[in-house]
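>
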Amino acid sequence: MRNIVLTRIDDRLIHGQVALLWTKHLQANRIIVANDTIVKNKVQVAALKMACPATAKCSVLSVEDSIKVLNDPRAERLRIFIVVNNPTDARRIVEAVPSVPLVNISNYGHLGDDLKERIKITDASDHPKPHPAGVPLGCQRLAGGRGLLHRHLHL
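If you want this note's numbering, it's the position in the sequence shown, counting the first as 1, plus 572.
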């Protein structure tokens, strides 16, 4: 089994909370940012790598390359924190990587302070769908804080 500690949907990707709080809380030593658009932008890649804490290595990869890395047996020795900025990329990873334990929808489609509104998914193709892997979705803003776990709502 791979050591994927969490998959997080966060439209800001790596920022202070992810870099300082979540990485420490999860004891992650590798952050993988999976996104087909960002990987093509050298400035964004450089900025994400600079935002990564010194305790973890950051890889910014296409979704397909991320899937290859996550399924590689050499990944077993890592504690991997996956960050995507949309549900479609999260779903693609969940469908191809059997060891994803949980998807945390944290900072996606923020509309206000109401936690339920934070899970607004506007594109119909991005709505959570039943998946045979049965990977639960959670909504937890702060590392170590209380979150909502949607055991019956799957990507």
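The beta-carbon is built from N, C-alpha and C at its ideal position, and this holds for glycine as well. Note that the structure is a prediction, hence the values are computed from the model and not measured.
Looking at the strands, I want to know which residues DSSP matches up with Thr579.
Counting from one through the sequence shown, the residue named residue 579 turns up at place 7. DSSP output for Thr579 lists Ile654, Val675 as bridge partner(s).
> How far does the alpha helix (DSSP H) with Ala619 in it extend, from its first residue to its last?
Against the sequence shown, residue 619 aligns to sequence position 47. 614–623 is the extent of the alpha helix (DSSP H) around Ala619.
> According to DSSP, is Leu585 helix, strand or coil?
Here the question's residue 585 lines up with position 13 in the sequence shown. Coil.
> Is the separation between the beta-carbon of Val577 and that of Leu598 shorter than 8 Å?
As a first step, residue 577 is located in the sequence shown; it is residue number 5 there, counting from the start. As a first step, residue 598 is located in the sequence shown; it is residue number 26 there, counting from the start. Going by C-beta atoms, Val577 is nearer than 8 Å to Leu598.
> Would you check if the distance between the CB atom of Arg729 and the CB atom of Ala600 is smaller than 8 Å?
Outside the shown range of the chain (573 to 727) lies residue 729, about which nothing can therefore be said.
> With DSSP as the reference, please indicate the residues paired to Arg663 in a beta bridge.
The sequence position of residue 663 within the sequence shown is 91, counting from 1. Note: Arg663 sits in no beta bridge, so no partner.
> Of all the options Asn643, Lys629, Thr660, which has the alpha carbon lying nearest to the alpha carbon of Val672?
Counting from 1 along the sequence shown, the entry for residue 672 is found at position 100. Checked all of Asn643, Lys629, Thr660; the closest Cα to Val672 is Asn643.
> Touch check for the segment 580–594 and the segment 655–662: three-plus C-beta pairs under 8 Å?
yes
> Would you mind stating whether Thr579 and Ala668 have Cβ atoms separated by less than 8 Å?
Here residue 579 refers to the residue found at position 7 when the sequence shown is read from its first residue. Here residue 668 refers to the residue found at position 96 when the sequence shown is read from its first residue. Cβ distance not < 8 Å, so Thr579 and Ala668 don't count as in contact.
> Which same chain residues end up closer than 6 Å to Tyr680 when comparing Cβ atoms and leaving out the 5 residues on each side of it in sequence?
As a position in the sequence shown, residue 680 is number 108, starting the count at 1. Contacts found: Ile581, Asp583.
> Considering just the uninterrupted stretch of the beta strand (DSSP E) at Ile603, what are its terminal residues?
Here residue 603 corresponds to residue number 31 of the sequence shown, with the count starting at 1. That run of the beta strand (DSSP E) goes 602–606.
> Please state whether the Cβ-Cβ distance between Val617 and Val635 is less than 8 Å.
The residue labelled residue 617 in the question sits at position 45 within the sequence shown. The residue labelled residue 635 in the question sits at position 63 within the sequence shown. Cβ atoms of Val617 and Val635: not closer than 8 Å.
> Roughly how many angstroms lie between the CA atoms of Lys596 and Leu709, to the nearest whole one?
To locate residue 596, count along the sequence shown from 1; it is residue 24. To locate residue 709, count along the sequence shown from 1; it is residue 137. Looking at the two C-alpha atoms, the distance is approximately 21 Å.
> Look at the Cβ atom of Cys711, then the Cβ atom of Ile677, and state whether they are nearer than 8 Å.
As a position in the sequence shown, residue 711 is number 139, starting the count at 1. As a position in the sequence shown, residue 677 is number 105, starting the count at 1. Yes.
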